[in-house]
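Numbered according to our numbering, the sequence shown terminates at residue 173, and the numbering increases by one at each position without gaps.
Structure first, then comments.
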Amino acid sequence: MKVLLADDSCLILERLQEMIQKVKHVEIAGSFTNGTDTLSALIKLKPDLAIVDLKMPGLSGLQVLNAIRNENKILKFIILTFCSSDYYQVLAMQSGADYFFSKVDDFDKVSLVIEEMVAKEDEFIN
48 MKVLLADDSC
58 LILERLQEMI
68 QKVKHVEIAG
78 SFTNGTDTLS
88 ALIKLKPDLA
98 IVDLKMPGLS
108 GLQVLNAIRN
118 ENKILKFIIL
128 TFCSSDYYQV
138 LAMQSGADYF
148 FSKVDDFDKV
158 SLVIEEMVAK
168 EDEFIN
């Protein structure tokens, strides 16, 4: 499974990379620090999962999500943010996010979701 990461914080990207590298059968397709490069990479690299910060330079995570949903309906999309208000969660889910996680409260849930996705992929293959 290919995962694309996008966050304007290098520390968050490093933490995500460390977490994801521990999960078997997962490859990091790329890491990006702004929304414009993220959108281009999503179109070009066609990952299975995108983990994207809500607020980034260039395009926001929601703008990236809205744009990519026109191109790719099957991509799984996680919004990961410090702005975890209900308002943003509703916007993200209405825009087609599969998950909306707080960087403060839910960070570890990201690896659980990835492990579940890999397990489902393995079930499908077998």
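Quick reminder that beta carbons are idealized off the backbone N, C-alpha and C, glycines included.
Asked	Found
Under 8 Å between C-beta atoms of C130 and K102	yes
Proximity winner among S142, D84 and M48, relative to G105 (alpha-carbon distances)	D84
D133 versus L127: straight-line alpha-carbon distance, rounded	14 Å
Check whether A114 and P94 have beta carbons under 8 Å apart	no
Proximity to F124 [Cα-Cα], best of E61, K150, A97 and M140	A97
Reference N174, options L92, Q141, M140 and S107, closest by Cα	A query on residue 174 cannot be resolved here, the shown segment of the chain reaching from 48 to 173 and no further.
Same chain, Cβ closer than 6 Å to K49, five either side skipped, listed in chain order	E74, A76, P94 and D95
Rounded separation between D155 and Q110 - CA only	25 Å
Burial state of M164, where buried means 16 or more other Cβ atoms lie within 10 Å	buried
CA-to-CA distance, I59 to K71, given in whole angstroms	21 Å
Spatial neighbours of N81 in its chain, beta-carbon cut-off 6 Å, leaving aside the 5 residues before and after	M103, P104 and G105
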